[in-house]
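Sequential numbering of the sequence shown, starting at 1, is according to UniProt numbering.
Here a beta-carbon is modelled for each residue, glycine too, at the ideal position from N, C-alpha and C.
This structure is a prediction, so every number in the text was calculated from the model and none was measured.
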Amino acid sequence: MDCTKYERRGPRPAQGLFNPNMMRQIWGDSSVEKRNQTYAFQGQEFKDGHLSIDGNGVNIYTKEAIPTAEEIALFKNNPSVRGSAVEEAVRRMSMWRLRERDWVKVTVGEYQGLVGIAKNISTDKAIIFVPEQHVEVTVALNQLRKYTKVGDEVKVIFGPHTGAEGWVVAVDAADNVVISDPKTGLE
Numbered sequence: 001m002d003c004t005k006y007e008r009r010g011p012r013p014a015q016g017l018f019n020p021n022m023m024r025q026i027w028g029d030s031s032v033e034k035r036n037q038t039y040a041f042q043g044q045e046f047k048d049g050h051l052s053i054d055g056n057g058v059n060i061y062t063k064e065a066i067p068t069a070e071e072i073a074l075f076k077n078n079p080s081v082r083g084s085a086v087e088e089a090v091r092r093m094s095m096w097r098l099r100e101r102d103w104v105k106v107t108v109g110e111y112q113g114l115v116g117i118a119k120n121i122s123t124d125k126a127i128i129f130v131p132e133q134h135v136e137v138t139v140a141l142n143q144l145r146k147y148t149k150v151g152d153e154v155k156v157i158f159g160p161h162t163g164a165e166g167w168v169v170a171v172d173a174a175d176n177v178v179i180s181d182p183k184t185g186l187e
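In structure tokens form, the structure reads like this:
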């Protein structure tokens, strides 16, 4: 079974910065307007190839954003990006990587809520074995996350409890985890 919603029609285009000349070729000469050091295209402003937004009153949340190594490299030397933001992105990227034999949970789609073991992981999909039903399903990687269950030994690597280590003693319906830390005796 394959639960990806869309059929691939070809390879994904390479990532790239905004290219005003290419946009003019595709959308016509009047589609791109030069404004000092920026370009305007379809109501949005681009500077040095990046989308430029007014930061006043804008909240940007990166909760589910996990950049690739190539995306991080684009911003590594950018003076407008704090160094700690790049370090945080690298840490999130490294912790998210799924490995074969990891327990995973499907977060969206046809198989939402399904829990199983990752058997085969490719660049965009994973084959999940569901022990309770003795079946395998193919799920897009962006629909998966690591699954933590009671008895797992874990370490918190970011957030208010960074550094806490222990065993998972409870997991509620919202997937909030309670950890028993043997060093401190706290939960």
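When the Cα of residue i is compared with those of the options, which residue comes out closest?
i	options	result
P131	D124, L114 and R99	L114
K105	I26, V139, N78 and A73	V139
V154	L144, G166, V135 and I72	G166
N142	V156, A164 and L98	L98
residue 271	G28, A40 and R145	The structure shown does not extend to residue 271, since the chain spans only 1 to 187, so no value can be given for it.
D102	E88, N77, F129 and V32	F129
V135	K47, D48 and Y111	Y111
CA-CA distance, residue i and residue j?
i	j	result
S80	H50	12 Å
I117	I127	8 Å
W27	V86	34 Å
F18	V156	38 Å
V58	N21	Residue confidence for V58 is low, a pLDDT of 48 falling below 50, so the modelled location carries little weight; the figure read from the coordinates is stated next. Approximately 29 Å, taken between the alpha carbons.
A40	V32	6 Å
I60	S122	Note on I60: pLDDT 49, under 50, position unreliable in the model; no value is reported.
S52	K34	14 Å
T62	I72	Low confidence applies here, because T62 scores a pLDDT of 46, under 50, leaving its location unreliable; read the following figure in that light. So the two alpha carbons sit approximately 14 Å from each other.
F75	Q25	27 Å
N77	G16	17 Å
R82	M23	30 Å
E45	S30	15 Å
K125	K119	11 Å
Taking the beta strand (DSSP E) that residue i belongs to, which residues open and close that run?
i	result
Q44	Q44 to K47
R35	V32 to R35
S52	H50 to S52
S180	V177 to S180
V171	E165 to V171
F41	T38 to F41
What span of residues does the alpha helix (DSSP H) with residue i cover, start to end?
i	result
N21	P20 to W27
*Could you name each continuous beta strand (DSSP E) segment of 3 residues or more that falls completely within the region 130-157, going from the start of the chain to the end?*
135-140, 144-146 and 153-155
*Does the count of Cβ pairs from the region 164-171 and the region 143-152 closer than 8 Å reach three?*
yes
*Segments of 3+ residues assigned as beta strand (DSSP E) that fall wholly inside the UniProt domain "KOW" (97-124)*: 103-106 and 115-121
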